[in-house]
Amino acid sequence: MLQALGAALEAAEEFGLDTPDAATAEFLEFTAARQAAAAAQREHQPSAIIMSPASGVLGLLLARGFMAGSPVTGHLTCIEPDVTHQQLAKEAFSSAKLPSNAFRFLPSRPLDVVSRLTNDNYDIAIAECAVEDLAATAHSTLPALRPGGVLILLDSLMDGLVADGSRTDRDIVAARTADADIRAIEGAHVCRLPLGAGLTLITKVAE
60 MLQALGAALE
70 AAEEFGLDTP
80 DAATAEFLEF
90 TAARQAAAAA
100 QREHQPSAII
110 MSPASGVLGL
120 LLARGFMAGS
130 PVTGHLTCIE
140 PDVTHQQLAK
150 EAFSSAKLPS
160 NAFRFLPSRP
170 LDVVSRLTND
180 NYDIAIAECA
190 VEDLAATAHS
200 TLPALRPGGV
210 LILLDSLMDG
220 LVADGSRTDR
230 DIVAARTADA
240 DIRAIEGAHV
250 CRLPLGAGLT
260 LITKVAE
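Last residue of the sequence shown? That's 266 in our numbering, and every number before it is there in order.
See below:
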């Protein structure tokens, strides 16, 4: 799978898609492995939602985590409207020999479809979205997560500038507003990590 991941990274770079840096990639694999272990204890297959043009890269990182110490590949739901980006991901999954029943693609804008997914059914979700969509993505995705499931908002903190109150740039103000909204969500634990341009990790609190 490592070779397939390398090829997926090269393809993403060729098409100008953002991909996680090495530290973020390791964190995603680690998180997937932890969620897979929790899923095994509950006797269900780990499942993930991916909302990113680079779903091939992110999907392989999650699959590597899901398979850590286990042959279980888990299941990936990739929400991506662009046909070219879908094809890149399908090629990546095929190259990694993921079984065809281990993933599916929903060819829609994430915010148009994620709220329609089955509630309490997914262990992990990853989103790469515009700053103005951060809060809506969090609110729309959390119901789909099982208690204890996590939502990862990639590059959501504008390189830490959301914490600088003197910065009044439009995008930074929007990110700051979204950050405050997300941190006020009931039934969730929110933390911010210095990975990539700043990562928001939201855990759905067990009921």
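Cβ atoms here follow ideal geometry from the backbone N, Cα and C, with glycine treated the same way.
Note that the structure is a prediction, hence the values are computed from the model and not measured.
Check: What do you get for threonine 196, buried or exposed, if any count of 16 or more other CB atoms within 10 angstroms of its CB means buried?
Finding: Within the sequence shown, numbered from 1, the residue matching residue 196 stands at position 137. Looking at its Cβ environment, which holds 16 or more other Cβ atoms inside 10 Å, threonine 196 is buried.
Notebook entry, point to check: For histidine 144, which three-state DSSP category applies?
Noted result: By one-based count along the sequence shown, residue 144 stands at place 85. Helix at histidine 144.
Note to self: So leucine 216 and threonine 259 are supposed to be a Cβ contact under 8 Å. How far apart are they, rounded?
What the structure shows: Here residue 216 refers to the residue found at position 157 of the sequence shown. Here residue 259 refers to the residue found at position 200 of the sequence shown. Contact between leucine 216 and threonine 259 holds, since their C-beta atoms are separated by about 7 Å, short of 8 Å.
Notebook entry, point to check: Using DSSP with H/G/I as helix, E/B as strand and the rest coil, what is threonine 136?
Noted result: Position 77 of the sequence shown, counted from the first residue, corresponds to residue 136. Strand.
Item checked: Environment of glycine 219 [buried if 16+ CB atoms lie within 10 Å] -> Within the sequence shown, numbered from 1, the residue matching residue 219 stands at position 160. Under this definition glycine 219 is an exposed residue.
Check: How is the beta strand (DSSP E) around serine 199 delimited, first residue to last?
Finding: Counted from its first residue, the sequence shown places residue 199 at position 140. Where serine 199 is concerned, there is no enclosing beta strand (DSSP E), although the alpha helix (DSSP H) it sits in stretches over 193–200.
Item checked: Nearest to alanine 222 (by Cα), restricted to the options Leu165, Ala82 and Ala237 -> Looking up residue 222 in the sequence shown gives position 163. It is Ala237.
Item checked: Spatial distance of alanine 92 from alanine 233 (CA atoms) -> Working through the sequence shown from its first residue, we reach residue 92 at position 33. Working through the sequence shown from its first residue, we reach residue 233 at position 174. So the alpha carbons of these two residues sit roughly 33 Å apart.
Notebook entry, point to check: To which residues of the same chain is threonine 132 closer than 7 Å at the C-beta, ignoring the five residues directly before and after it?
Noted result: Start at 1 with the first residue of the sequence shown, and residue 132 comes out as number 73. Answer for threonine 132: Ala122, Phe125, Met126, Leu157, Pro158 and Ala161, listed in chain order.
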